[in-house]
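So the sequence lines, in the order shown, correspond to chains L and Y. No gaps in the numbering here: position 111 of the first sequence is 111 in the working numbering, and each next residue is one more. Quick note, the working numbering runs 1000 ahead of the 1-based positions in the second sequence. Note that CB positions come from ideal geometry on N, CA and C, so glycine has one too. Right, one structure below, let's go through it.
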Amino acid sequence: MKSGLSRELIAMRAAKELKDGDYVNLGIGLPTQVSSFIPEDVEVIFHSENGILGFGRIADENERDPDLINAGAQPITLKPGAAFFNSADAFAMIRGGYIDVAVLGAFQVSEKGDLANWMILEKKVGNIGGSMDLVVAVKEVIITMEHTTRKGAPRIVKECTYPLTGRGVVNLIITNLAVIAVTPEGLLLKEVAPSVTPQEVQSVTEPKLRLAADLHEMEL
Amino acid sequence: MDKVVSSAQEAVADVTDGSTIMFGGFGVSGIPFTLIRALRHKGTKNITAIINNAGGRLANIDLAVLVKNRQIKKVIASYPVYPWFVSPFEEQYLKGEVELEIIPQGTFVERIRAGGAGIAGFYTPTGVGTVVENGKEKRSFNGKEYLLELALAADFALIKAHKADKMGNLTYRLTARNFNPVMATAARITIAEVDEVVETGELDPETVITPGIYVNRVVKGEKYEVRFE
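Printed below as a string of structure tokens:
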């Protein structure tokens, strides 16, 4: 199977989904890289559940302050217009419906948009963090992930076998091979990675994919 | 009024075995390192720790200090372990030596907020359709399902703030605020570790985040070096 996009390019493609004026929460891991690919003329305000709105890039070594971090505990910088608040307020913003987009990682996504991203069965313990709060209330949930497991098994499945984070919550899936929308009629293949065919995407996707009328190659 | 005590050891002197203790902090920020070290020294056993993460990233100064010394009986957390290494807590948990209650983070902090505000419980949509709903009352409001979640309170809250005056009014720095002001409200005894103690009247009332009514003791913390990976 072709490997498709690198992790950085997945993040770059996800960044294109964010619009000027969006309030956005980024999950730990690949999603945090999305903040590096926002064009200068697009103003996206990043929210983190540890109590900050309006942070910028990851801090350089000489700028690091242990009191200023994102949800992944990486040192960050402030942008003009930033604000601090406590964790209860951070989640009131989430459940209250003020966050436009969450970009999260996943272990599995089902054809109905069920998300499993907090625990794998092979481990007896996992981390819920803010993910369950985000998926029930954020206007749009975008998943960024590798299309298959390291052993080549599909991560986009008919039914999730790992413990769920939420049911019917995912809107868009961006992988190294494709961009797939979750619709009431099932999964819709909208874009394929350069040199990857729709048949190749289907061969590593468990549910049947419908092809979008304007199916095209990903633009980055 | 003077809530300042002279040492962390004195601040935790009455934290007895079996206490339920909230610990502030998220990631590497806003953790009461000095009070954790004082509890290690005191040796309080069978602690139920209410904390976002069970420690290990800064294993020589965070909650892992108490985990390694077998002082923790149970952890109530939202992000207990790490995806990229096995912490002392995870090691003990996998051997069945310590208990864990895992809670979505927004529910975790809202239960603490309720605990401090005289609210018995609340309905939240978070966790519907997942293992989180097991054993909980589910109720529909305007066609949407919610779970009943109950308040969470503690015997002690050990928190970290930036400045305190002698009345226990507190200010915070940057993202070191996180759970600290919420936990300050939800314990019988709240102990604040701070970078700096100032005279009453020196804090601008507009900048006070935790009013002193919530704080029982204030102690000046030691400086700990926090390194990023």
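Item: Contacts of residue 167(L) in chain Y (Cβ-Cβ under 9 Å); Value: 1128, 1129 and 1130
Item: For residue 54(L), the first and last residue of its enclosing beta strand (DSSP E); Value: 52-58
Item: Cβ-based neighbour list, residue 1064(Y), same chain, cut-off 6 Å, excluding 5 preceding and 5 following; Value: 1055, 1056 and 1088
Item: Three-pair Cβ contact test at 8 Å for the stretch 40-58 of chain L versus the stretch 1010-1017 of chain Y; Value: no
Item: First through last residue of the alpha helix (DSSP H) which encompasses residue 1180(Y); Value: 1180-1183
Item: Proximity below 8 Å, CB of residue 1129(Y) to CB of residue 166(L); Value: yes
Item: Of the residues 1076(Y), 1084(Y), 1059(Y) and 1075(Y), the one placed nearest residue 1068(Y), counting alpha carbons only; Value: 1059(Y)
Item: Contact list for the stretch 79-92 of chain L against chain Y, Cβ threshold 7 Å; Value: 84, 86, 87, 88 and 91
Item: Residue 1115(Y), enclosing alpha helix (DSSP H) - first and last residue; Value: 1105-1117
Item: Nonlocal neighbours in the same chain, by C-beta distance under 7 Å from residue 241(L), ignoring five residues either side; Value: Lying before the first or after the last residue shown, residue 241(L) is absent from chain L, which here runs from 1 to 220.
Item: Stretch-stretch touch, CB-based, cutoff 8 Å, three pairs: the stretch 197-207 of chain L with the stretch 96-105 of chain L; Value: no
Item: Chain L within 8 Å of residue 1182(Y), Cβ atoms only; Value: yes
Item: Boundaries of the alpha helix (DSSP H) in which residue 1065(Y) is found, first to last residue; Value: 1064-1068
Item: Interface residues of chain L facing residue 1176(Y) [CB-CB closer than 7 Å]; Value: 67
Item: Minimum Cβ-Cβ distance from residue 139(L) to chain Y less than 8 Å; Value: no
Item: Candidates 1139(Y), 1098(Y), 1074(Y) and 1016(Y): closest to residue 1039(Y) by CA position; Value: 1016(Y)
Item: CA nearest to the CA of residue 98(L), picked from 157(L), 208(L), 133(L) and 35(L); Value: 133(L)
Item: Under 7 Å by beta carbon: chain L residues contacting residue 1055(Y); Value: Simply none; closest approach about 12 Å.
Item: Span separating the alpha-carbon of residue 30(L) from that of residue 45(L); Value: 18 Å
Item: Alpha helix (DSSP H) segment containing residue 12(L), residue limits; Value: 7-15
Item: For residue 19(L) and residue 1032(Y), the rounded distance between their alpha carbons; Value: 39 Å
Item: Closer than 8 Å to chain Y by CB, residue 124(L); Value: yes
Item: 8 Å Cβ cutoff met for residue 170(L) and residue 179(L); Value: no
Item: CB-CB length for residue 1154(Y) against residue 1021(Y), believed under 8 Å; Value: 6 Å
Item: Minimum Cβ-Cβ distance from residue 164(L) to chain Y less than 8 Å; Value: yes
Item: For residue 1084(Y), the nearest candidate out of 125(L), 60(L), 54(L) and 56(L) (CA to CA); Value: 125(L)
Item: Contact set for residue 185(L): own chain, Cβ-Cβ below 8 Å, skip 5 residues either direction; Value: 210
Item: Contact check, residue 117(L) vs residue 1027(Y), beta carbons under 8 Å; Value: no
Item: Straight-line Cα distance separating residue 1075(Y) from residue 1101(Y); Value: 6 Å
Item: Classification of residue 1080(Y) by the beta-carbon crowding that lies within 10 angstroms, buried from 16 upward; Value: buried
Item: Minimum Cβ-Cβ distance from residue 1113(Y) to chain L less than 8 Å; Value: yes
Item: Same chain only: Cβ atoms within 8 Å of residue 1189(Y), ignoring 5 sequence neighbours per side; Value: 1014, 1155, 1156, 1157, 1216 and 1217
Item: Closer than 8 Å to chain L by CB, residue 1032(Y); Value: no
Item: Boundaries of the beta strand (DSSP E) in which residue 1035(Y) is found, first to last residue; Value: First-last for residue 1035(Y): 1033-1042, but that is the alpha helix (DSSP H), not the beta strand (DSSP E).
Item: Backbone secondary structure at residue 1210(Y) - three-state DSSP; Value: strand
Item: Helix, strand or coil at residue 119(L) [DSSP, three-state]; Value: coil
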